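Chemist: Got a structure for you, questions after.
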Amino acid sequence: MAGDNQHEHGMSGPVFAVGGPTAYDEVVRFTDAVRALRPLPEIPHPDFLLFQTLHLTAELLWYNMHFDIVRAADDLRAGNHRSAHRLVRRATELQRLTVTHLGQVRSGIPQTEFLQIRATLPDGGSGLDSPGMRNLHKACRHLWRCFCAAMESAGAASEAELLDAGEAHPDLRAVALEMLDLDDAMLGWQQEHQRMVWARLGGHPTLDDGTAPLSLTGRSVGVLDRFVAHMRFPRLWQAVQDHHESMAKQQACGGTHR
0 MAGDNQHEHG
10 MSGPVFAVGG
20 PTAYDEVVRF
30 TDAVRALRPL
40 PEIPHPDFLL
50 FQTLHLTAEL
60 LWYNMHFDIV
70 RAADDLRAGN
80 HRSAHRLVRR
90 ATELQRLTVT
100 HLGQVRSGIP
110 QTEFLQIRAT
120 LPDGGSGLDS
130 PGMRNLHKAC
140 RHLWRCFCAA
150 MESAGAASEA
160 ELLDAGEAHP
170 DLRAVALEML
180 DLDDAMLGWQ
190 QEHQRMVWAR
200 LGGHPTLDDG
210 TAPLSLTGRS
220 VGVLDRFVAH
230 MRFPRLWQAV
240 QDHHESMAKQ
250 QACGGTHR
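Sequential numbering of the sequence shown, starting at 0, is according to numbering that gives the first Met the number 0.
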């Protein structure tokens, strides 16, 4: 178990004790979850526990996000826009937690220790294999299809029109804005991940002399650059720009007549 034999790492003081069966553990299942962590005698570096814990926490949060996003899509199909908004908002807040956790990898594990941990990881390991992130992309595509169907059912001709005339469909407009926030939070994770790579491995494009560090898959870390600005809901981002341009034209016309 994760708390076993911590003294083998030069630690003094009490050993973490899970304790016997409790009603709390029956609900939370901590005893089961902690078994997913590598036993302390087997960790290759003391900071590996933080490295694994933060990654595992992100996967669990993405699992919950997938559940909530699919539920939100079902609510959109049923016309329950307020419930859909609540669930997408919750997914957004969970995603912001993953950004914070990823930042802890960067700020909590110095470069020297990070490189020591990385040297112990298996070849071919890639974040692209993350089940949480892969399934999250699928859930977002499903949410988008259901959102488009909800717009059609509500009689909204375009995303820009929905933002411009939100008083006609306030609840659906709120869902659209929250989907933007969700996408923004996911972009935040991608950018935080890129900053972590630059800060711990190198490969910033302005410093690349053709010898950028390689990922565990053997590819240049520069391949991550194309993922930094990847959006799940690009038409909503375009709608924001279209809405801004429309408002600017209206203000210009208003100023002309004054």
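Ideal Cβ positions, reconstructed from N, Cα and C, are used throughout, including at glycine.
Quick caveat, the model's predicted, so the values are computed rather than measured.
For residue 125, which of helix, strand or coil comes out of DSSP?
Modeler: Looking at residue 125 - three-state DSSP - the assignment turns out to be coil, as it is neither helix nor strand.
Chemist: Under three-state DSSP, which class holds residue 257?
Modeler: Unreliable placement is indicated for residue 257, whose pLDDT of 41 sits below 50; the coordinate value is still reported in the next sentence. Coil at residue 257, not helix or strand.
Chemist: What are the start and end residues of each continuous beta strand (DSSP E) run of 3 or more residues lying completely inside the region 134-178, in chain order?
Modeler: None, since the region 134-178 contains no complete beta strand (DSSP E) of that length.
Chemist: Is it buried or exposed for residue 202, if we count other Cβ within 10 angstroms and need 16 for buried?
Modeler: Per the 10 Å Cβ criterion, buried.
Chemist: In chain order, what residues of the same chain have a beta carbon less than 7 Å from the beta carbon of residue 62, not counting five sequence neighbours either side?
Modeler: Cβ within range, chain order: 131.
Chemist: Am I right that residue 171 and residue 161 are in contact with their C-beta atoms under 8 Å? What's the rounded C-beta distance?
Modeler: Sure, about 7 Å apart at Cβ, within 8 Å.
Chemist: Given a cut-off of 8 Å, decide if residue 49 and residue 102 are closer than it, judged by their beta-carbon atoms.
Modeler: It is not a contact, given that the beta carbons lie outside the stated cut-off.
Chemist: Do you know how far the Cα of residue 96 is from the Cα of residue 143?
Modeler: Computed Cα separation, rounded: 23 Å.
Chemist: How far does the alpha helix (DSSP H) with residue 50 in it extend, from its first residue to its last?
Modeler: Element bounds for residue 50: 47-76.
Chemist: My output table needs one value for residue 219: the three-state DSSP class, helix, strand or coil.
Modeler: In the structure shown, residue 219 sits in a strand (DSSP, three-state: E or B).
Chemist: CB residue 184 to CB residue 98, shorter than 8 Å?
Modeler: In this structure, residue 98 lies closer than 8 Å to residue 184 by Cβ.
Chemist: Can you give me the C-alpha to C-alpha distance between residue 110 and residue 197, rounded to a whole angstrom?
Modeler: Taking the straight line from one Cα to the other gives about 11 Å.
Chemist: Residue 100: which of 38, 73, 56 and 237 sits nearest, CA to CA?
Modeler: Residue 56 is the option with its Cα nearest to residue 100.
Chemist: Can you find the residues in the same chain that come closer than 7 Å, C-beta to C-beta, to residue 42, ignoring five residues on each side of it along the sequence?
Modeler: Correct list, in chain order: 48.
Chemist: Following the continuous alpha helix (DSSP H) through residue 100, name the residue where it begins and the one where it ends.
Modeler: Here the alpha helix (DSSP H) through residue 100 covers 80-107.
Chemist: Which residues bound the alpha helix (DSSP H) around residue 116?
Modeler: 110-118 is the span of the alpha helix (DSSP H), which, as asked, contains residue 116.
Chemist: Rounded to a whole number of angstroms, what is the C-alpha to C-alpha distance between residue 174 and residue 71?
Modeler: Looking at the two C-alpha atoms, the distance is approximately 9 Å.
Chemist: Could you pull the start and end residues of the alpha helix (DSSP H) that residue 41 belongs to?
Modeler: Unbroken run through residue 41: none, as it is neither H nor E.
Chemist: Are the beta-carbon atoms of residue 36 and residue 51 separated by less than 8 Å?
Modeler: Yes, these two residues count as a Cβ contact at 8 Å.
Chemist: Between the alpha carbons of residue 169 and residue 155, how many angstroms are there, rounded?
Modeler: Distance between the alpha carbons of residue 169 and residue 155 is about 12 Å.
Chemist: Within the continuous alpha helix (DSSP H) that includes residue 205, where are the two ends?
Modeler: Element bounds for residue 205: n/a, residue is neither H nor E.
Chemist: Taking DSSP as the reference, what is the three-state secondary structure of residue 200?
Modeler: Looking at residue 200 - three-state DSSP - the assignment turns out to be coil, as it is neither helix nor strand.
Chemist: Output the distance between the C-alpha atoms of residue 241 and residue 120, rounded to the nearest integer angstrom.
Modeler: Each residue's alpha carbon lies about 46 Å from the other.
Chemist: With C-beta atoms as the reference, is residue 181 less than 8 Å away from residue 94?
Modeler: Yes, these two residues count as a Cβ contact at 8 Å.
Chemist: The alpha helix (DSSP H) that contains residue 15, what's its start and end?
Modeler: No alpha helix (DSSP H) holds residue 15; DSSP gives it neither H nor E.
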